[in-house]
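The sequence shown runs 1 to 312 under full-length UniProt numbering. No residue lacks a Cβ here, since even glycine has one placed at the ideal position from N, Cα and C. Since the structure comes first, as structure tokens, the remarks are kept for the end.
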Amino acid sequence: MLGDLDSLRVRVVSPPVTSLTAILVDAVGGPRQGVPRAWMTALRRALPGQAVAAVAAQFEHGLLPDCLTPMSAGPIDEQLQRIAGLRPFELVDSIAEILPDSPPASWNSALRNPARWLANYATVLTAAWRVYRPIWAASTQLREREIERIGRASVTGSLDVALSALARRTTYTGNGVLHLPDSHPYQSHLADRPLLLVPLVAGTRASIFNLDDPTQAWIGYPVPGVHQNTPAPPPGDVLTLVLGPIRATLLRGLTAPMTMGHLARLAALSPSQATYHCTQLAEAGLLERRRTGQSVQVHRTSRGEAVLNLLT
Numbered sequence: 001m002l003g004d005l006d007s008l009r010v011r012v013v014s015p016p017v018t019s020l021t022a023i024l025v026d027a028v029g030g031p032r033q034g035v036p037r038a039w040m041t042a043l044r045r046a047l048p049g050q051a052v053a054a055v056a057a058q059f060e061h062g063l064l065p066d067c068l069t070p071m072s073a074g075p076i077d078e079q080l081q082r083i084a085g086l087r088p089f090e091l092v093d094s095i096a097e098i099l100p101d102s103p104p105a106s107w108n109s110a111l112r113n114p115a116r117w118l119a120n121y122a123t124v125l126t127a128a129w130r131v132y133r134p135i136w137a138a139s140t141q142l143r144e145r146e147i148e149r150i151g152r153a154s155v156t157g158s159l160d161v162a163l164s165a166l167a168r169r170t171t172y173t174g175n176g177v178l179h180l181p182d183s184h185p186y187q188s189h190l191a192d193r194p195l196l197l198v199p200l201v202a203g204t205r206a207s208i209f210n211l212d213d214p215t216q217a218w219i220g221y222p223v224p225g226v227h228q229n230t231p232a233p234p235p236g237d238v239l240t241l242v243l244g245p246i247r248a249t250l251l252r253g254l255t256a257p258m259t260m261g262h263l264a265r266l267a268a269l270s271p272s273q274a275t276y277h278c279t280q281l282a283e284a285g286l287l288e289r290r291r292t293g294q295s296v297q298v299h300r301t302s303r304g305e306a307v308l309n310l311l312t
């Protein structure tokens, strides 16, 4: 129950770990999310089999503890470290919150040894991100466009139209009620909490949400147009093998001059991380910084173009 849309506090956020989780659900055998086959093939090849086997059963029912899907705007490395640094009791308590009566048998291994389960899950997430990073980077314009679309709908009084077209499996009835796909349906009232809309760079059926946080509610849905604009990472990506995934993403992402801040957002890095990696690329002669008015923009050099063409 959203209530009166005129008083609804809504904003769009897009933490990469949420989209990564939605894709991972599909990759390890959870409810199908409509992820393109090419993405799944690249992802499954990269995932460590033993760690996947240790966590796969927990994805069967499509229920994940809130602690595994942090709604944070920080760089992906910080989000992965936060999940890896969870203490065992935090996982156990979070499982109890979503499954208070009797957790399915699939969660027994996590409850018996939460520390080991968290270590395996962090390993799987980290391996998945190495493959997913270029997909995420390629979706920057789509995500920015979606922020603008929802923003316009909010200020022009057409939020009901935007909510009605949010996703194939989501229905807005027009009386303040939004129906979400859920294998365990229940009713939740937004009350005075803000609503965060989270465009997912995942499958056409991707759905992940949290309506139980007392401070906010958030709903993940497929970002419009994602599969037409975000190709799968090529197998045996030579540029990534030579430069590493971060610097390959930065070099590829510089399709036009951009500020360091824009480049950091594109690659889901903190400003200091982006500066460090760009410095290394600049020392190799692959990019350069030029001052334009009050801002400094990063450009690919002719040598950077040549390396990109050679190794792509």
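- Fully enclosed alpha helix (DSSP H) runs of no fewer than 4 residues occupy 88-98 and 108-112 of the region 79-118, in order along the chain.
- Around LEU86, the same chain offers CYS67 and LEU118 as residues with beta carbons nearer than 7 angstroms, after the five sequence neighbours per side are excluded.
- Ranked by Cα distance from ALA38, the first of VAL12, ALA202 and LEU243 is ALA202.
- Residue burial annotation: ALA217 is buried, with at least 16 other C-beta atoms found within 10 angstroms of its C-beta.
- By the CB criterion at 8 angstroms, ILE95 and PRO65 fall inside the cutoff.
- In the three-state scheme derived from DSSP, where H, G and I count as helix and E and B as strand, PRO214 is classed as coil.
- Sequence-distant partners of THR173 (beyond 5 residues in either direction) whose C-beta falls short of 8 angstroms from its own C-beta, in its chain, are HIS179.
- Rounded to the nearest angstrom, the gap between the Cα atoms of LEU287 and LEU251 is 8 angstroms.
- Taking a contact to require three or more Cβ pairs closer than 8 angstroms, the region 153-169 and the region 2-17 qualify as touching.
- When C-alpha distances from ALA264 are compared across ALA167, ARG133 and ALA42, the shortest belongs to ARG133.
- DSSP links THR292 through a beta bridge to SER295.
- About 14 angstroms separates the CB atoms of ALA51 and GLY29; that is not less than 8 angstroms, and the two are not in contact.
- The beta carbon of VAL177 sits closer than 8 angstroms to those of MET1 and LEU2, all from its chain and outside the five residues before and after it, given in chain order.
- Taken through DSSP and simplified to helix, strand or coil, VAL28 comes out as coil.
- For a cut-off of 8 angstroms, the C-beta gap from ARG143 to VAL17 is around 14 angstroms, too long to register as a contact.
- With a beta-carbon spacing of about 16 angstroms, SER188 and LEU166 fall beyond the 8 angstroms limit used to define contacts.
- Straight-line measurement puts the Cα of GLN33 at about 18 angstroms from the Cα of VAL131.
- Annotation: LEU197 is outside any alpha helix (DSSP H); the continuous beta strand (DSSP E) that includes it extends over 195-200.
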